[in-house]
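>
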Amino acid sequence: MALIYLIRHPHTQINLETPASSWGLSETGQAQTAALLNAPFWPHVSAVYPSREPKAITAAKEAALRYNIPVVPRSAFGELDRSAYTAPDEHSYEAAVAACFANPAESPHGWEPAAAALHRFKREMSQVLSWHPAEESIAIVSHGLVLTLYLAHLRGQVPTLSDWRAVGFAAVAAVDRASLRPVCAFLTAPYPNLPLP
Numbered sequence: 001m002a003l004i005y006l007i008r009h010p011h012t013q014i015n016l017e018t019p020a021s022s023w024g025l026s027e028t029g030q031a032q033t034a035a036l037l038n039a040p041f042w043p044h045v046s047a048v049y050p051s052r053e054p055k056a057i058t059a060a061k062e063a064a065l066r067y068n069i070p071v072v073p074r075s076a077f078g079e080l081d082r083s084a085y086t087a088p089d090e091h092s093y094e095a096a097v098a099a100c101f102a103n104p105a106e107s108p109h110g111w112e113p114a115a116a117a118l119h120r121f122k123r124e125m126s127q128v129l130s131w132h133p134a135e136e137s138i139a140i141v142s143h144g145l146v147l148t149l150y151l152a153h154l155r156g157q158v159p160t161l162s163d164w165r166a167v168g169f170a171a172v173a174a175v176d177r178a179s180l181r182p183v184c185a186f187l188t189a190p191y192p193n194l195p196l197p
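Counting along the sequence shown from 1, when you hit position 186 you're at 186 in this note's numbering, and nothing is skipped either side.
#1: Would Leu129 pass as an interface residue toward chain C - the criterion being a Cβ-Cβ separation below 9 Å?
#2: Bridge partners of Cys100, per DSSP?
#3: I want to know whether the segment 106-121 touches the segment 174-184 - three or more CB-CB distances under 8 Å.
#4: Quick check: the segment 87-104 against the segment 122-137, are there 3 or more CB pairs under 8 Å?
#5: Measuring straight from C-alpha to C-alpha, what distance separates Arg123 and Ile4?
#6: Excluding the five sequence neighbours on either side, which residues of its own chain have a C-beta within less than 6 Å of the C-beta of Arg52, listed in chain order?
#7: Would you tell me roughly how many angstroms separate the C-alpha atoms of Ala98 and Trp164, rounded to the nearest one?
#8: Taking 9 Å as the cut-off, decide whether the C-beta atoms of Ala170 and Gln13 are in contact.
#9: Just to check my reading of the structure: Leu151 and Leu6 have Cβ atoms closer than 8 Å, yes? What is that Cβ distance to the nearest angstrom?
#10: Hey, could you find the ends of the beta strand (DSSP E) Val45 is sitting in?
#11: Skipping 5 residues on each side, what residues in its chain have a beta carbon closer than 8 Å to that of Pro40?
#12: Report the residue from Pro133, Tyr49, Pro104 and Asp176 whose alpha carbon sits nearest the alpha carbon of Val71.
#13: Quick one: Cα of Ala131 to Cα of Ala47, how far?
#14: Do you know whose CA, among His109, Asp176 and Leu37, lies nearest Thr188's CA?
#15: Report yes if the C-beta distance between Val141 and His11 is below 9 Å; otherwise report no.
#16: For Gly108, collect the residues of the same chain with a Cβ closer than 7 Å to its Cβ; drop the 5 residues on either side in sequence, then sort them by chain order.
#17: With a 10 Å radius around its C-beta and 16 neighbouring C-beta atoms as the bar for buried, classify Met1 as buried or exposed.
#18: Can you tell me whether DSSP reads Tyr150 as helix, strand or coil?
#19: Would you kindly work out how many angstroms separate the C-alpha atoms of Ala84 and Gly78, rounded to a whole number?
#20: Entirely within the segment 59-133 and at least 3 residues each: give me those beta strand (DSSP E) ranges in chain order.
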């Protein structure tokens, strides 16, 4: 069974003076990257596709070097664009996330609509899968909100704040490539019971 591994980037170093899309990894994120590279699925992966954001590319490139697999950054796997509004605190941010999920066709706070982010992610996934024979497994390194949207879509459900909170930094989920059926929820290191192809 070929699988798609959906990976959230490791923990980031927050710098409110710069856009979130430019943030790199924190010390915690570097430790999470080391643990992620020891996950058992990498030898079974034919390629890794990160978003173009540094926090996603860093982990993908390290995996590519260790396991000698190609890394191909793809802009469409980037996070839902939130550059129009920076929430002043965690409560306000979660309220904005909830509004984004509840009104997918709208643009709360000027954010990219959830429906638009999901559409580009799905389109890119179809494109990437078309490049690989059906028996090959691949990895995607992306971001919490857009991964929440995509996994909820595959489950036929409306995404919730609880779903989003369950996508930890450096967490990995698995999707059956043939059916696009989720076979494993997001797991963090040491990635217990993560399925292999």
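Note that the Cβ used here is the ideal one computed from N, Cα and C, for glycine as well.
Just so it is clear, the structure is predicted and the values come from calculations on it, not from any experiment.
Quick look at the numbers:
#1: The structure shown contains no chain C, having only a single protein chain.
#2: Beta-bridge pairing links Cys100 to no other residue.
#3: no
#4: no
#5: 15 Å
#6: Pro73 and Ser75
#7: 10 Å
#8: no
#9: 7 Å
#10: Val45 to Pro50
#11: Tyr191, Leu194 and Leu196
#12: Tyr49
#13: The question names Ala, yet the displayed sequence has Trp at residue 131. Those two C-alpha atoms are separated by around 10 Å.
#14: Leu37
#15: no
#16: Note on residue identity: the sequence assigns Pro, not Gly, to residue 108. Cβ neighbours of Pro108 beyond the five flanking positions: Ala96, Ala99 and Cys100.
#17: exposed
#18: helix
#19: 16 Å
#20: none
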